[in-house]
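Novice: In order, the protein sequence lines correspond to chains A and B. Residue numbering for the first sequence follows numbering that gives the first Met the number 0, starting at 0 and increasing by one per position. Residue numbering for the second sequence follows numbering that gives the first Met the number 0, starting at 0 and increasing by one per position.
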Amino acid sequence: MINKMYSSIPDAVADIPDGATVMVGGFGASGSPIELIHALIDQGARNLTVINNNTGNGDVGLAALIGNGQVSKMICSFPRSSQSRVFPRLYKEGRIELELVPQGTLAERIRAAGAGIPAFYTPTTVGTVLAEGKESREFEGRTYVMEPWLKADFALIKCEVADPLGNLTYNKTARNFSPLMCMAAATTIVQTKKRVAAGEIDPEHVITPGIFVNRIVEVPDPVHEDTLIAEGRSYP
Amino acid sequence: MSTGWSREEMAARAALDIPDGSYVNLGIGIPELVTRFVPEGREFIYHTENGMLGMGPPPADADRDLDLMNAGKKYVTAVPGAAYFHHADSFSMIRGGHIDVCVLGTMQVASNGDIANWSTGAPDAIPAVGGAMDLVQGVKHIYVITQHTTRTGEPKLVERCSYPLTGPGVVSRIFTDLAVVDVTDNGFQVVELAPGVTFAEVESKTGAPILPPA
Numbered sequence: 000m001i002n003k004m005y006s007s008i009p010d011a012v013a014d015i016p017d018g019a020t021v022m023v024g025g026f027g028a029s030g031s032p033i034e035l036i037h038a039l040i041d042q043g044a045r046n047l048t049v050i051n052n053n054t055g056n057g058d059v060g061l062a063a064l065i066g067n068g069q070v071s072k073m074i075c076s077f078p079r080s081s082q083s084r085v086f087p088r089l090y091k092e093g094r095i096e097l098e099l100v101p102q103g104t105l106a107e108r109i110r111a112a113g114a115g116i117p118a119f120y121t122p123t124t125v126g127t128v129l130a131e132g133k134e135s136r137e138f139e140g141r142t143y144v145m146e147p148w149l150k151a152d153f154a155l156i157k158c159e160v161a162d163p164l165g166n167l168t169y170n171k172t173a174r175n176f177s178p179l180m181c182m183a184a185a186t187t188i189v190q191t192k193k194r195v196a197a198g199e200i201d202p203e204h205v206i207t208p209g210i211f212v213n214r215i216v217e218v219p220d221p222v223h224e225d226t227l228i229a230e231g232r233s234y235p
Numbered sequence: 000m001s002t003g004w005s006r007e008e009m010a011a012r013a014a015l016d017i018p019d020g021s022y023v024n025l026g027i028g029i030p031e032l033v034t035r036f037v038p039e040g041r042e043f044i045y046h047t048e049n050g051m052l053g054m055g056p057p058p059a060d061a062d063r064d065l066d067l068m069n070a071g072k073k074y075v076t077a078v079p080g081a082a083y084f085h086h087a088d089s090f091s092m093i094r095g096g097h098i099d100v101c102v103l104g105t106m107q108v109a110s111n112g113d114i115a116n117w118s119t120g121a122p123d124a125i126p127a128v129g130g131a132m133d134l135v136q137g138v139k140h141i142y143v144i145t146q147h148t149t150r151t152g153e154p155k156l157v158e159r160c161s162y163p164l165t166g167p168g169v170v171s172r173i174f175t176d177l178a179v180v181d182v183t184d185n186g187f188q189v190v191e192l193a194p195g196v197t198f199a200e201v202e203s204k205t206g207a208p209i210l211p212p213a
């Protein structure tokens, strides 16, 4: 019987090594796998390259991972926001690298990696400084730039419902990049709010098919980044 | 000198130019006000980059769902008939030309349709682009709502953008506090003046040649 369930969060992230590339699901606070990120802080892997749309908020979750000095490079589309202080400080001190990728290109690069497509052409960034140094080509009279796939060693993902085969559903806009990241990482680690038996998710309603998922831990009452920030919490 | 249109009036004027049944993506700031001025008898479906069609107004605090946000990371609601999807589908709607209208704020817009709204290019600034470059390249009609000048009186409608571009030659119509301005093959063209505003005033506050209303 296939069973991808892990009983312990620390066990699920134990083998993430120094220097790994890690995708982290979520868009701002929604869909951020806070418990898995905090377990990675406890685990202590360093020199990580992290892929997320943003750079975390407050002093919890992704911002805390960055603040703990474990991230050497961020790949994201929007590294600052009203509640984002940790990344801007380290960036201005020259202690963290940034690869800025437009949001749609970021999503498609991740999807392409999962789909086995090494590169694609997009009109996004044509005529801007972000296209400098990129290979370009004309199709039907319009210029497009080439963008490479974006792979990862691990993905940390939050979902709503999972079965032991790894079939997943999400909640509303907490879905965002997560289904793409499940496809693009060599090892996908998921925290689920609810665990059900195989067959309880209607096959018509599966969003991420289990083939893209390797490990699942149940976190029945996950904390939310906005709630932690409102409470003035920090981690560790 | 006149005060021209208020922020709300600019949004209401922009809403008038969005056809019934349009799929619409709104930028942060004044563009968000467009939702409050949908003309009688029209229906727009709002798209938000982070994965929803059918975005509704903000909820009461007690009804907030922590998993239901818009691209500006504000809490929103879903209207009946809404749909959720992942980011690659969301940007397929944008890049694939399925979204009809995008209304954006801007720092500068040029008479050739260039737009600069993501970075001042200052060396110590942290660059952040989000989905702006995808939107301006993919959405069928790019509208801009902006004050005609900066707080210090510098023109925001210019001959060539001095800030780094978000995209070249993409803007078709601009709604300012003073006028509605089209980007044409002949440069800026006023199509409508705000009540009490003269063409001479608009011309004096525009950093490029501009044609009077036809």
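Cβ atoms here follow ideal geometry from the backbone N, Cα and C, with glycine treated the same way. Being a predicted model, the structure only gives us computed values, none of them experimental.
Whose C-beta lies closer than 6 Å to the C-beta of A:Ala111 among residues of the same chain, with five residues either side of it excluded?
Specialist: Position 112 of the first sequence, counted from the first residue, corresponds to residue 111 of chain A. Hits under 6 Å: Phe119 and Trp148.
Novice: For B:Arg35, count the other beta carbons within 10 Å of its own beta carbon; 16 or more makes it buried, fewer makes it exposed. Which is it?
Specialist: Position 36 of the second sequence, counting from 1, holds the residue named residue 35 of chain B. Exposed: under 16 other Cβ atoms inside 10 Å.
Novice: Does DSSP put B:Cys101 in a helix, a strand or coil?
Specialist: Here the question's residue 101 of chain B lines up with position 102 in the second sequence. Three-state DSSP puts B:Cys101 in a strand.
Novice: Find out if the Cβ-Cβ distance for the pair B:Val135, B:Val100 is shorter than 9 Å.
Specialist: Here residue 135 of chain B refers to the residue found at position 136 of the second sequence. Here residue 100 of chain B refers to the residue found at position 101 of the second sequence. No, the Cβ-Cβ distance between B:Val135 and B:Val100 is not below 9 Å.
Novice: So B:Pro126 contacts chain A; which residues on that side make the cut at Cβ distance below 7 Å?
Specialist: Here residue 126 of chain B refers to the residue found at position 127 of the second sequence. Under the 7 Å cutoff, chain A gives Leu99.
Novice: Report the neighbours of A:Arg136 on chain B: residues whose CB is nearer than 7 Å to its CB, in chain order.
Specialist: In the first sequence, residue 136 of chain A corresponds to position 137, counting from 1. Within 7 Å Cβ-Cβ: nothing; A:Arg136 doesn't reach chain B, min ~15 Å.
Novice: Is the CB of A:Ile206 under 9 Å away from at least one CB in chain B?
Specialist: Sequence index remark: in the first sequence, residue 206 of chain A carries index 207 (1-based). With 9 Å as the cut-off, A:Ile206 counts as an interface residue toward chain B.
Novice: DSSP puts A:Tyr143 in a beta bridge; with which residues?
Specialist: As a working note, residue 143 of chain A is residue 144 in the first sequence. DSSP, once it has assigned bridges, lists A:Arg136 as partnering A:Tyr143.
Novice: Using a Cβ-Cβ cut-off of 9 Å, state whether A:Gln289 counts as contacting chain B.
Specialist: What the structure shows of chain A is the stretch from 0 to 235, and residue 289 of chain A is not part of that stretch, so it cannot be assessed.
Novice: Taking the straight line between their C-alpha atoms, what separation do you get for B:Ser91 and A:Ile1?
Specialist: The sequence position of residue 91 of chain B within the second sequence is 92, counting from 1. The sequence position of residue 1 of chain A within the first sequence is 2, counting from 1. Cα to Cα, the separation comes out at about 34 Å.
Novice: Could you list the residues in the stretch 157-178 of chain A with a C-beta less than 9 Å from some C-beta on chain B, going in chain order?
Specialist: Result list: Glu159, Tyr169, Asn170, Lys171, Thr172, Ala173, Arg174, Asn175, Phe176, Ser177 and Pro178.
Novice: What is the residue span of the beta strand (DSSP E) that B:Asp217 lies within?
Specialist: Here chain B comprises residues numbered 0 to 213, so residue 217 of chain B is not present and cannot be evaluated.
Novice: I want to know whether the stretch 181-189 of chain A touches the stretch 57-68 of chain B - three or more CB-CB distances under 8 Å.
Specialist: Taking 8 Å as the limit for Cβ pairs, the verdict is that the stretch 57-68 of chain B does not touch the stretch 181-189 of chain A.
Novice: Which of the three DSSP states, helix, strand or coil, is assigned to A:Phe211?
Specialist: For this step, residue 211 of chain A is matched to residue 212 along the first sequence. Here A:Phe211 sits in helix by DSSP.
Novice: Between the stretch 107-114 of chain B and the stretch 153-163 of chain B, do at least 3 Cβ pairs fall closer than 8 Å?
Specialist: Touching, yes, given that three or more Cβ pairs across the two stretches are closer than 8 Å.
Novice: Tell me whether A:Ala151 sits in a helix, a strand or coil according to DSSP, three-state version.
Specialist: Reading the first sequence from its first residue, position 152 is the one you call residue 151 of chain A. Here A:Ala151 sits in strand by DSSP.
Novice: So the candidates are B:Val78, B:His140 and B:Ala87; which of them puts its Cα closest to the Cα of A:Leu105?
Specialist: Against the first sequence, residue 105 of chain A aligns to sequence position 106. The shortest Cα separation from A:Leu105 among B:Val78, B:His140 and B:Ala87 belongs to B:Ala87.
Novice: Under the three-state reduction of DSSP, which class applies to A:Lys193: helix, strand or coil?
Specialist: Position 194 of the first sequence holds residue 193 of chain A. The answer is strand: DSSP assigns A:Lys193 an E or B state.
Novice: Check for me: the alpha helix (DSSP H) holding B:Tyr83 runs from which residue to which?
Specialist: Taking the second sequence and counting its residues from 1, the one referred to as residue 83 of chain B is at position 84. Premise fails: B:Tyr83 lies in the beta strand (DSSP E), Thr76 to Tyr83, not in any alpha helix (DSSP H).
Novice: Ordered along the chain, which non-local residues of its own chain (more than five positions away) have a Cβ less than 7 Å from that of A:Leu97?
Specialist: Within the first sequence, numbered from 1, the residue matching residue 97 of chain A stands at position 98. Cβ within range, chain order: Met73, Pro78 and Tyr90.
Novice: At least one CB of chain B closer than 9 Å to the CB of A:Glu312: is that the case?
Specialist: As shown, chain A starts at 0 and ends at 235. That puts residue 312 of chain A outside it, with no answer to give.
Novice: Between the stretch 203-228 of chain A and chain B, which residues of the former have a C-beta closer than 8 Å to a C-beta of the latter?
Specialist: Flagged, chain order: Ile206, His223, Asp225 and Thr226.
Novice: Which residue's Cα is closest to the Cα of B:Ala61: B:His46, B:Val23, B:Tyr74 and B:Phe187?
Specialist: For the purposes of this step, residue 61 of chain B is taken as residue 62 along the second sequence, with counting starting at 1. The shortest C-alpha separation from B:Ala61 is found at B:Tyr74.
Novice: Would you mind reading off the limits of the beta strand (DSSP E) that contains A:Asp73?
Specialist: Residue numbering aside, residue 73 of chain A sits at position 74 when the first sequence is read from its first letter. Strictly speaking, residue 73 of chain A in this sequence is Met, with Asp absent from that position. Per DSSP, A:Met73 belongs to the beta strand (DSSP E) from Val70 to Cys75.
Novice: For A:Leu149, which residues in chain B fall below 8 Å Cβ to Cβ?
Specialist: The residue given as residue 149 of chain A occupies position 150 in the first sequence. Residues of chain B passing the Cβ test: none, with the nearest at roughly 12 Å.
Novice: Compare the beta carbon distance of A:Gly55 and A:Ala44 with 9 Å and say whether it is the shorter of the two.
Specialist: Counting from 1 along the first sequence, the entry for residue 55 of chain A is found at position 56. Counting from 1 along the first sequence, the entry for residue 44 of chain A is found at position 45. Going by C-beta atoms, A:Gly55 is not nearer than 9 Å to A:Ala44.
Novice: Tell me which same chain residues have a C-beta within less than 6 Å of the C-beta of A:Asp152, skipping the five on either side of it?
Specialist: On the first sequence, residue 152 of chain A is found 153 positions in, with the first residue counted as 1. These residues qualify, in order along the chain: Ala19, Thr20 and Ala185.
Novice: Out of B:Met54, B:Val170, B:Val189 and B:Ser5, which has the shortest C-alpha to C-alpha gap to B:Val179?
Specialist: Residue mapping note: residue 179 of chain B aligns to position 180 of the second sequence, counting from 1. Answer by Cα proximity: B:Val189.
Novice: Counting Cβ pairs closer than 8 Å, one from the stretch 158-173 of chain B and one from the stretch 109-119 of chain B, do we hit at least three?
Specialist: Verdict: yes, contact present.
Novice: With distances taken Cα to Cα, identify the nearest neighbour of B:Pro18 among B:Trp4, B:Ser5 and B:Glu39.
Specialist: Residue mapping note: residue 18 of chain B aligns to position 19 of the second sequence, counting from 1. Ranking B:Trp4, B:Ser5 and B:Glu39 by Cα distance to B:Pro18 puts B:Glu39 first.
Novice: I believe A:Lys193 touches A:Val160 by the beta-carbon criterion, under 8 Å. Please report the beta-carbon distance rounded to the nearest angstrom.
Specialist: Within the first sequence, numbered from 1, the residue matching residue 193 of chain A stands at position 194. Within the first sequence, numbered from 1, the residue matching residue 160 of chain A stands at position 161. Indeed they touch by this definition, with Cβ atoms about 5 Å apart.
Novice: Mind checking which residues open and close the alpha helix (DSSP H) that includes A:Thr104?
Specialist: Mapped onto the first sequence, residue 104 of chain A falls at position 105. Note, A:Thr104: alpha helix (DSSP H), Gln102 to Ala114.
Novice: Of all the residues that make up the stretch 112-134 of chain A, which are near chain B by a beta-carbon distance shorter than 8 Å?
Specialist: Here the close residues are Thr121, Pro122, Thr123, Thr124, Val125, Gly126, Thr127, Val128 and Leu129.
Novice: Are the beta-carbon atoms belonging to A:Gly30 and B:Gly130 less than 9 Å from one another?
Specialist: Here the question's residue 30 of chain A lines up with position 31 in the first sequence. Here the question's residue 130 of chain B lines up with position 131 in the second sequence. Cβ atoms of A:Gly30 and B:Gly130: not closer than 9 Å.
Novice: Please determine, among A:Ala28, A:Ala11 and A:Pro16, the residue with the shortest C-alpha to C-alpha distance to A:Lys171.
Specialist: As a first step, residue 171 of chain A is located in the first sequence; it is residue number 172 there, counting from the start. Checked all of A:Ala28, A:Ala11 and A:Pro16; the closest Cα to A:Lys171 is A:Ala28.
Novice: So which residues of chain A does B:Ile93 contact, with C-beta pairs closer than 8 Å?
Specialist: Start at 1 with the first residue of the second sequence, and residue 93 of chain B comes out as number 94. Correct list: Gly103.
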